[in-house]
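Peer 1: Be aware that the sequence shown starts at 4, since it is given in the working numbering, and climbs by one per residue.
Glycine included, C-beta positions come from ideal geometry on N, C-alpha and C.
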Amino acid sequence: GTNAHDHPGISVIIAVVMQALWSLGRREEAVSRYSELTGAEDPVAAAAYRRLFLGVQPEGDLNQLQALMQKAEARFAGEASVLLDLWIQIGIESVRQGLFQLGEYFLGRVWGQPERRSLPDTVSLYLAEIRLRRGDPAAAAAVLEEYLGLAPLRADRVLLRLGEVRLRQEGF
Numbered sequence: 004g005t006n007a008h009d010h011p012g013i014s015v016i017i018a019v020v021m022q023a024l025w026s027l028g029r030r031e032e033a034v035s036r037y038s039e040l041t042g043a044e045d046p047v048a049a050a051a052y053r054r055l056f057l058g059v060q061p062e063g064d065l066n067q068l069q070a071l072m073q074k075a076e077a078r079f080a081g082e083a084s085v086l087l088d089l090w091i092q093i094g095i096e097s098v099r100q101g102l103f104q105l106g107e108y109f110l111g112r113v114w115g116q117p118e119r120r121s122l123p124d125t126v127s128l129y130l131a132e133i134r135l136r137r138g139d140p141a142a143a144a145a146v147l148e149e150y151l152g153l154a155p156l157r158a159d160r161v162l163l164r165l166g167e168v169r170l171r172q173e174g175f
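Shown next as C-alpha cells:
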C-alpha cells in the first residue's frame, strides 16, 4: 500500500476515516489505523497520538499508557512544544471525560516543566479544578497562586478562579 506520510493530504483523509470508525464504535480497527498515522507529519501524528491515548483511557491500562508515552516522546524528541501541547490536550480531554487521575497525570507532567511561565492558563485552571473535585481547595488555591506568582501574560481567569476558591475555602 501507499505510505500515509508520503502524501500529506492522504493522512488527513485517513484521520477523518479513523475518526468515523472511532465514532461507530469500531475502536480496535481505528486504533490500528491511528498507530499507522503516528509516523505522519507533526499535526497529524499529534492528533493520532491524542486519539490513541484517549483510546487507552477507558481500560486504564498503565503499561499500555506508558509504552504509548515513550513512543510519543521518541517521535517528538527535540520538539518539546509539540509534546507539551499534546500532553496539555490529552490532560484537558481526560478531565472533560471525567478521567481526573489521568488528567492530573498529564497536566502534572506539563506543570513540572521549567518554562512554566509560558504555559497557557488552562493548565493551572484544570489542575485546580481536579484538586477542588478531590475536596482539596487549599491545593487548588496553591496551584493558582503559584501560576500567578510567575507573572504570566494572562492572569485574569486565574485571578477570578482563585477568588472563587478562596470563597469556597471560607465556606460561602
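Between the beta-carbon of leucine 40 and the beta-carbon of valine 47, is there less than 8 Å?
Peer 2: It is a contact, given that the beta carbons lie within the stated cut-off.
Peer 1: Keeping to the same chain, check which residues put their C-beta closer than 7 Å to that of glutamine 22; ignore five residues upstream and five downstream.
Peer 2: Cβ neighbours of glutamine 22 beyond the five flanking positions: none.
Peer 1: For a test of the three-state rule: what should DSSP assign to proline 140, helix, strand or coil?
Peer 2: In this structure, proline 140 counts as helix in the three-state DSSP scheme.
Peer 1: Please confirm if the region 132-140 is in contact with the region 112-121, defined as three or more CB-CB distances below 8 Å between the two stretches.
Peer 2: Contact fails: fewer than three Cβ-Cβ distances are below 8 Å.
Peer 1: Where methionine 72 and leucine 27 are concerned, what is the direct C-alpha to C-alpha distance, given to the nearest angstrom?
Peer 2: Computed Cα separation, rounded: 26 Å.
Peer 1: Given this structure, state the Cα-to-Cα distance separating glutamate 31 from serine 127, to the nearest angstrom.
Peer 2: Roughly 34 Å between the two C-alpha positions.
Peer 1: Given that a residue counts as buried once 16 or more other Cβ atoms are within 10 Å of its Cβ, and exposed if not, what is threonine 5?
Peer 2: Because threonine 5 sits at a pLDDT of 43, beneath the cut-off of 50, its placement in the model cannot be relied upon, and the following sentence gives the value as read from the coordinates. Burial call: exposed.
Peer 1: Quick check: the Cα distance between arginine 137 and glutamate 107, rounded to an integer number of angstroms?
Peer 2: Cα-Cα distance, rounded: 11 Å.
Peer 1: Are valine 161 and tyrosine 129 close, meaning C-beta to C-beta below 8 Å?
Peer 2: Contact flag unset, no.
Peer 1: Threonine 125: which of Pro155, Tyr52 and Leu24 sits nearest, CA to CA?
Peer 2: Of the candidates Pro155, Tyr52 and Leu24, the one whose C-alpha sits nearest the C-alpha of threonine 125 is Pro155.
Peer 1: So, for histidine 8: in the same chain, excluding its five sequence neighbours on each side, which residues have a beta-carbon less than 8 Å away from its beta-carbon?
Peer 2: Because the pLDDT at histidine 8 is just 45, under 50, the model does not fix this residue reliably, and the point stays unresolved.
Peer 1: How about alanine 75 and leucine 86: are their beta carbons less than 8 Å apart?
Peer 2: Yes, these two residues count as a Cβ contact at 8 Å.
Peer 1: So, with DSSP's three-state summary, where would you put glutamine 116?
Peer 2: Coil.
Peer 1: Taking the C-alpha atoms as reference points, what is the distance between leucine 165 and alanine 70?
Peer 2: Spanning the two alpha carbons is a distance of roughly 36 Å.
Peer 1: Would the beta-carbon of valine 168 fall within 8 Å of that of leucine 147?
Peer 2: Closer than 8 Å, so yes.
Peer 1: Cβ of leucine 24 within 8 Å of Cβ of serine 38?
Peer 2: Their beta carbons are not under 8 Å apart, which means leucine 24 does not touch serine 38 by this criterion.
Peer 1: Please identify the residue among Glu149, Leu105 and Arg171 whose C-alpha is closest to the C-alpha of leucine 122.
Peer 2: When each option's Cα is compared against that of leucine 122, the closest is Glu149.
Peer 1: Around the Cβ of arginine 171, are there at least 16 other Cβ atoms within 10 angstroms (buried) or fewer (exposed)?
Peer 2: Arginine 171 should be labelled exposed.
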